[in-house]
Amino acid sequence: METNTKFPVVDLSKLNGEERDQTMALIDDACQNWGFFELVNHGVPYDLMDKVERVTKEHYKKFMEQKFKEMLRSKGLDPLEKEVEDVDWESTFYLHYLPQSNLYDIPDMSDEYRSAMKDFGKRLENLAEELLDLLCENLGLEKGYLKKAFHGTKGPTFATKVSNYPPCPKPEMIKGLRAHTDAGGLILLFQDDKVSGLQLLKDGVWVDVPPLKHSIVINLGDQLEVITNGKYKSIMHRVLTQEEGNRMSVASFYNPGNDAEIFPATSLVEKDSEYPSFVFDDYMKLYAGVKFQPKEPRFEAMKNPAAATTLTPVATVETF
């Protein structure tokens, strides 16, 4: 980590006191210059977070670990003998909350796990909407603007990617998750506080996102960059593998509805915008094949379909 870099940590409880202005300024600076910040005193109960961590790690050990080992064998990654650039060293499954839930369709989840994730998901959904209104306030947009922009005809999409990054015998050979920006709106991450690995790219340098106990890491997706006309930007980030420790990551994505029309907010555009207008689902269809490539050609392709021919699709699984 850069020696002079202080990762932005926001104490959300200070919004209710004399330090509100400074806290809002910290959020604004983080959104403009980092694309990331870390929340403490965010209102999500710590005992619930502890339960989510415990049952997530138990579920991986009982139901996912062997599948991960089988995946490595099937892809010829056991043993790991040469550098790999097209596979991520992660074990993942997805929970969908909005517009429809699949919480009761996931096999092998215990009742305790389902109950914890249902409660956790609802609290993070509420936190995401609170944060969107804070961004509106900083941007000079009317309260509720971003939530409305995400709504479409059926409301926003909200889902969670549950990941484990198992120990890797040769971390220099493969990434836990390759570098990318997130396609969607607002991402809320509950990450392991003991096993690090998440990094973001700032000013050409990879910076560690500090693993703080009971914190929630916030990062901005491509849609917020478009809507804010580039005032706030999505940032490249990645996950490094580690020789020891199984890193847990529970990342929740508050995204626009599939048919939501995304475009720069009029009040944030002085003349002409360099950003496109598009339907969110169309962007996601493009993103699914080029997730690990720079975002700028994606934006250009949404303005000019002919530009899409310059992109080389690479099959990916995640479409958040």
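According to the UniProt record's numbering, the sequence shown holds residues 1 to 320 in order. Heads up, the beta-carbon is just placed ideally off N, CA and C, and yes, glycines get one too. Small disclaimer: the values here were computed from a predicted structure and weren't measured.
Same chain, Cβ closer than 6 angstroms to residue i, neighbours up to 5 away in sequence not counted
{"i": "Ser277", "result": "Phe263"}
{"i": "Ser252", "result": "Leu124, Thr160, Leu188"}
Where residue i falls, given that 16 or more other Cβ within 10 Å makes a residue buried
{"i": "Leu48", "result": "exposed"}
{"i": "Lys175", "result": "buried"}
{"i": "Gly257", "result": "buried"}
{"i": "Ser13", "result": "exposed"}
{"i": "Gly185", "result": "buried"}
{"i": "Gly43", "result": "exposed"}
{"i": "Tyr254", "result": "buried"}
{"i": "Val239", "result": "buried"}
{"i": "Asp192", "result": "buried"}
{"i": "Ala306", "result": "exposed"}
{"i": "Glu38", "result": "buried"}
{"i": "Pro45", "result": "exposed"}
Start-to-end residues for the alpha helix (DSSP H) that takes in residue i
{"i": "Gln199", "result": "Not the alpha helix (DSSP H): Gln199 falls in the beta strand (DSSP E), residues 198-202."}
{"i": "Lys122", "result": "111-139"}
{"i": "Ile273", "result": "One detail in the question is off: residue 273 reads as Ser in this sequence, not Ile. Note, Ser273: premise wrong, no alpha helix (DSSP H); not H, not E."}
{"i": "residue 321", "result": "Residue coverage of the chain in this structure runs from 1 to 320, which leaves residue 321 outside it and unanswerable."}
{"i": "Glu300", "result": "296-303"}
{"i": "Ala149", "result": "145-151"}
Short Cβ contact (7 angstroms threshold) for residue i with residue j
{"i": "Glu244", "j": "Pro169", "result": "no"}
{"i": "Ser163", "j": "Thr92", "result": "yes"}
{"i": "Asn229", "j": "Val279", "result": "no"}
{"i": "Ala183", "j": "Tyr287", "result": "yes"}
{"i": "Val40", "j": "Ser215", "result": "yes"}
{"i": "Phe158", "j": "Tyr97", "result": "yes"}
{"i": "Leu127", "j": "Cys136", "result": "no"}
{"i": "Ile227", "j": "Ala265", "result": "yes"}
Residues near residue i by beta carbon distance below 8 angstroms, same chain, minus five either side
{"i": "Ala116", "result": "Leu48, Lys51, Val52, Val55"}
{"i": "Ile235", "result": "Trp34, Gly35, Phe36, Thr181, Leu200, Leu201, Lys202, Asn219, Leu220"}
{"i": "Asp78", "result": "Lys69, Leu72"}
Beta bridge counterpart(s) of residue i as assigned by DSSP
{"i": "Met248", "result": "Asn164"}
{"i": "Ser91", "result": "Asn164"}
{"i": "Val10", "result": "Leu39"}
{"i": "Thr23", "result": "In the DSSP output, where bridge partners are listed per residue, Thr23 has none listed."}
{"i": "Asp208", "result": "Gln199"}
{"i": "Leu240", "result": "Lys175"}
{"i": "Thr312", "result": "According to DSSP, which records beta bridges pairwise, Thr312 is partnered with nothing at all."}
{"i": "Ile262", "result": "Phe278"}
Element boundaries [beta strand (DSSP E), containing residue i]
{"i": "Asn219", "result": "216-220"}
{"i": "Lys175", "result": "175-180"}
{"i": "Leu188", "result": "186-191"}
Same chain, Cβ closer than 7 angstroms to residue i, neighbours up to 5 away in sequence not counted
{"i": "Thr312", "result": "none"}
{"i": "Phe68", "result": "Ser91, Pro166"}
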